[in-house]
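The block underneath contains the structure these notes are about, expressed in structure tokens.
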Amino acid sequence: MSDPVTIQTAGVAAGGEVQETTAPGSGKPRSLWQDAWAELRKQPLFWISLALLAVFIVMAIFPQLFTGKDPAFAELRRSLEPPSAAAWFGYDLQGRDVYARTIYGARASVVVGVLTTVLAVLVGVIMGVIGGFAGGWVDSLTSRIGEIFIGVPYLLGAILILSTVAPAQENPGAVLITAVVIIVLSVLSWPIVARIARSSLLSVKHADYVLAARALGASPGRIIFRHLLPNSLAPIIVVATISMGSYISAEATLSFLGVGLRAPVISWGIAIADHTDYLRTALHAMLFPSIFLSVCVLAFVMLGDAVRSALDPKLR
Amino acid sequence: MTKAVTEPVSSGDRPYSGSLLEVEDLQVEFRTQAGVAKAVNGVTYSVDAGETLAVLGESGSGKSVTAQTIMGILDMPPGVVRGGRIRFRGVDLLTMPEAERRKIRGEGISMIFQDALSALNPLFPVGWQIGEMFRVHRGLSKKQAYAKAVELMDRVRIPAAKQRLRDFPHQFSGGMRQRIMIAMAIALDPEVLIADEPTTALDVTVQAQIMDLLAELQRESNMALILITHDLGVVADVAHKIAVMYGGRIVEQASVFDLYAKPAHPYTKGLLDSIPRVDQKGQDLFAIKGIPPNLLHMPSGCAFHPRCVFKRDNCTTDVPALLTVEGPRRSACHYSREVLDGVAG
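Residue numbers (the working numbering), protein chains in the order written: chain A, 2 to 317; chain B, 140 to 484.
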């Protein structure tokens with residue numbers, strides 16, 4: 002692969018996309034993304050957080066791999082029994098296996114974290130790009146709309162919306178409960194992404210290559226998707242990875258307060274909330290979910306940190 | 140959009156007797172918070188196929204703004220076109236719908252910029268960027284577009300074009316980057332190429348190579364070239380005619396030979412006198428005293444009068460029109476005749 006001629010033929014199929022720039026490497030990094038990847042690869046923090054996240058993601062998709070027990074199976078006579086060989090993390094108030102419930106709790110956190118990020122980034126980038134590219138009154142409008150949402154204190158807003166919206170249905174399913182939380186969190190957080198997308202877009206909007214692209218007959222769509230977006234993506238990616246962790250902790254907080262996720266959804270936040278009263282008698286029932294929650298949030302934040310230092314040349 | 144376009148623009152149907160590109164009494168201003176800046180104030184010039192027009196002037200003289208207005212890439216707001224016409228093959232570009240105008244960019248009129256590094260998208264390989272012109276405007280496949288890109292890179296004399304197709308802009312030297320920019324600009328065989336200070340960011344030997352390349356490409360395809368520069372040395376060899384701009388106006392228009400032999404405007408004369416000569420060794424270099432006019436507060440009368448060594452009383456009150464002095468040459472000075480004959484001052 003070190004022969005440049007073979008690189009040329011090997012890369013043709015990939016063409017057209019941003020990913021193309023990560024095409025066959027001849028050893029030395031070349032594009033921004035290849036460069037960032039080379040930088041990322043060198044960081045232990047990146048690999049540690051990636052390994053942790055991999056575990057959590059597998060846990061979320063296939064909890065059966067980690068435990069054979071049913072997280073919903075309750076034996077009241079075992080209520081708050083401490084950890085033992087049969088139940089590594091002990092039993093909770095309802096006599097359910099804490100280990101199984103902690104494993105199954107990963108799903109809600111990962112799903113909320115990832116989907117909220119996707120939704121917030123999607124809406125935020127669209128609004129930010131519209132505002133930044135159009136400018137003028139459109140920009141003012143999108144910015145003001147964003148500020149309305151930013152102006153609402155995050156948790157207060159979430160509690161307010163969730164406590165009024167949630168009881169719409171008698172017995173909502175797990176999917177509906179989770180979806181409501183995801184939507185509320187993204188509604189309150191997209192303006193942050195929009196602001197970053199807008200400012201990042203504005204910083205490249207007047208770049209010479211955008212002017213050159215216009216001079217060579219590029220359409221507005223092409224300018225946005227080929228020149229503006231790819232060149233303003235880095236800060237958006239950083240914010241997205243870092244905020245994933247904060248969405249997870251926000252979900253846990255809301256669930257703890259009783260307005261976020263509820264049974265039948267299994268969540269670390271609920272487990273912590275259910276056992277605060279038994280802190281001194283049965284610490285294990287809330288200790289293990291708390292540890293999992295902290296490590297999961299930490300993993301996302303560390304990943305965001307690693308990505309940021311790889312994408313921002315000033316931090317190197 | 141991706142369909143092959145054989146006939147660049149519909150406007151070329153009926154024969155047109157005038158020049159290929161004509162700028163007529165163009166007026167552009169910027170509305171800023173500090174006031175209205177008249178960046179271009181009645182500029183008129185034209186260029187024909189195979190012809191090179193050099194637009195000469197210092198920063199803020201309006202030469203680049205005129206070019207960007209021709210291309211339709213001026214930021215509006217704050218820019219406003221106050222008046223005038225820009226006719227390409229006889230059709231006014233300023234009244235044309237944006238979609239149609241876009242088709243002319245790249246295909247009819249194309250442009251290259253001063254700093255080729257910042258004028259190339261840093262995220263994509265150069266071959267991909269050149270090829271994009273063909274994929275978007277001609278609907279070629281990726282493979283065909285890459286083949287075309289190699290062809291063009293050969294044409295602008297980039298060595299080992301095939302091997303460098305997948306390199307990124309930052310991996311090229313300044314001169315090579317400008318060649319890539321030129322390759323993109325001439326990809327669709329435009330009839331007019333506007334080069335906005337194409338050699339300013341380059342060192343002198345590379346400057347000469349780029350100018351040679353532009354001249355050569357022009358001969359091959361018979362395109363019209365508008366060369367915007369502040370460097371009199373660059374102009375001398377390649378240009379056919381020159382328009383000297385000052386404070387948003389053209390102050391002198393002439394053929395290269397005439398202008399260099401005998402300037403008819405004090406500003407041009409000042410510029411020519413500013414070129415260091417070998418026989419000047421040991422003496423102070425000549426410079427035009429003063430600073431370029433503030434576009435927000437233009438001097439009364441002739442914009443050049445505060446710096447003019449030939450200044451008379453009426454220069455501070457009357458704006459001199461661009462009038463014919465002798466043959467095809469025109470000058471906007473009340474005393475152009477005297478300047479030309481070298482008796483003024």
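For each residue, glycine too, the CB sits at the ideal point set by N, CA and C. Quantities reported herein were computed from a predicted structural model and do not represent experimental measurements.
Helix, strand or coil: which one does DSSP assign to residue i?
i	result
Met-448/B	The sequence shown places Val at residue 448/B, not Met. Val-448/B: coil per DSSP, three-state reduction.
Phe-150/A	helix
Ile-225/B	strand
Ile-267/A	coil
Ser-360/B	helix
Gly-481/B	coil
Ser-76/A	The sequence as given places Glu at residue 76/A; Ser does not occur at that position. Coil, per DSSP.
Leu-341/B	coil
Asp-231/B	strand
Pro-30/A	With a pLDDT of 48 at Pro-30/A, under the threshold of 50, the modelled position of that residue is not reliable, and the figure given next carries that caveat. Here Pro-30/A sits in coil by DSSP.
Arg-476/B	helix
Leu-160/B	strand
Gly-429/B	coil
Thr-179/A	helix
Ser-185/B	strand
Thr-277/A	helix
Glu-40/A	helix
Arg-416/B	coil
Glu-197/B	coil
Gly-305/A	helix
Gln-422/B	coil
Thr-254/A	helix
Pro-192/A	helix
Glu-239/B	helix
Ala-87/A	coil
Pro-147/B	Legend: pLDDT at Pro-147/B = 44, less than 50; position of this residue unreliable, no value from coordinates given.
Ser-203/B	helix
Ile-197/A	helix
Ser-187/A	helix
In the DSSP output, what is residue i paired with across the bridge?
i	result
Lys-380/B	Leu-192/B, Ser-394/B
Met-250/B	Ile-333/B
Lys-177/B	Glu-168/B
Leu-312/A	Leu-312/A pairs with nothing; no bridge assigned.
Ile-365/B	Leu-192/B, Ile-333/B
Ala-465/B	One point to set straight first is that residue 465/B is Glu, not Ala, in the sequence displayed. According to DSSP, which records beta bridges pairwise, Glu-465/B is partnered with Arg-468/B.
Arg-388/B	Tyr-385/B
Arg-244/B	Ile-248/B
Val-219/B	Glu-168/B
Tyr-406/B	Paired residue(s): none; Tyr-406/B is not in a bridge.
Tyr-92/A	Asp-98/A
How about residue i and residue j: do their beta carbons lie closer than 9 Å?
i	j	result
Phe-443/B	Gly-386/B	yes
Ala-322/B	Ala-288/B	yes
Ile-225/B	Glu-271/B	no
Ala-175/A	Ser-201/A	no
Met-235/B	Ile-269/B	no
Leu-262/B	Ile-319/B	no
Ser-360/B	Arg-468/B	no
Leu-186/A	Thr-117/A	yes
Ala-87/A	Pro-64/A	no
Ala-354/B	Thr-191/B	yes
Gly-96/A	Arg-108/A	no
Ile-162/A	Val-112/A	no
Leu-94/A	Cys-297/A	no
Thr-205/B	Val-219/B	no
Ala-286/A	Gly-133/A	no
Practice task
Select from the region 190-215 of chain A all residues with a C-beta closer than 7 Å to any C-beta belonging to chain B, and list them in chain order.
Solution key: Answer in chain order: Ala-208, Asp-209, Tyr-210, Leu-212, Ala-213, Arg-215.
Exercise for the section: Pick out the complete alpha helix (DSSP H) segments inside the region 275-306 of chain B, 4 residues or longer, and give them in chain order. Expected result: Correct list: 281-294, 300-303.
Exercise for the section: Enumerate, from N- to C-terminal direction, the unbroken alpha helix (DSSP H) stretches of 4 or more residues contained entirely within the region 204-251 of chain A. Expected result: You should have 209-216.
Exercise for the section: Please list the residues of the region 212-239 of chain A that have a C-beta atom closer than 8 Å to any C-beta atom in chain B, keeping them in chain order. Expected result: For the region 212-239 of chain A, the set of positions with a beta-carbon nearer than 8 Å to some beta-carbon of chain B reads Leu-212, Ala-213, Ala-214, Arg-215, Ala-216, Leu-217, Gly-218, Ala-219, Ser-220, Arg-223, Arg-227, His-228, Pro-231, Asn-232 in chain order.
Problem - Length at least 3, wholly inside the region 99-164 of chain A: the beta strand (DSSP E) runs in chain order - result: Correct list: empty.
Handout entry: Within 8 Å of chain A by C-beta, residues of the region 266-295 of chain B in sequence order
Key = Contact residues of the region 266-295 of chain B toward chain A are Trp-267, Glu-271, Met-272, Val-275, His-276, Lys-281, Lys-282, Tyr-285 (C-beta to C-beta distance below 8 Å).
Problem - Residues in the region 250-264 of chain B having any Cβ partner in chain A nearer than 9 Å - result: The residues in question are Met-250, Ile-251, Phe-252, Gln-253, Asp-254, Ala-255, Leu-256, Ser-257, Ala-258, Leu-259, Asn-260, Pro-261, Leu-262, Phe-263, Pro-264.
Handout entry: Members of the region 226-247 of chain B that neighbour chain A once the beta carbon cut-off is set at 8 Å
Key = Result list: Arg-241, Lys-242, Ile-243, Arg-244, Gly-245, Glu-246.
Handout entry: Short-range partners of chain A found in the region 301-324 of chain B, where Cβ spacing is below 9 Å
Key = Of all residues in the region 301-324 of chain B, Lys-301, Gln-302, Arg-303, Leu-304, Arg-305, Asp-306, Phe-307, Pro-308, His-309, Gln-310, Met-320, Met-323, Ala-324 have a Cβ within less than 9 Å of some Cβ in chain A.
Exercise for the section: Compile a chain-ordered list of the residues in the region 202-221 of chain B whose CB is closer than 7 Å to at least one CB of chain A. Expected result: Under the 7 Å Cβ criterion, the region 202-221 of chain B contributes Met-210, Ile-212.
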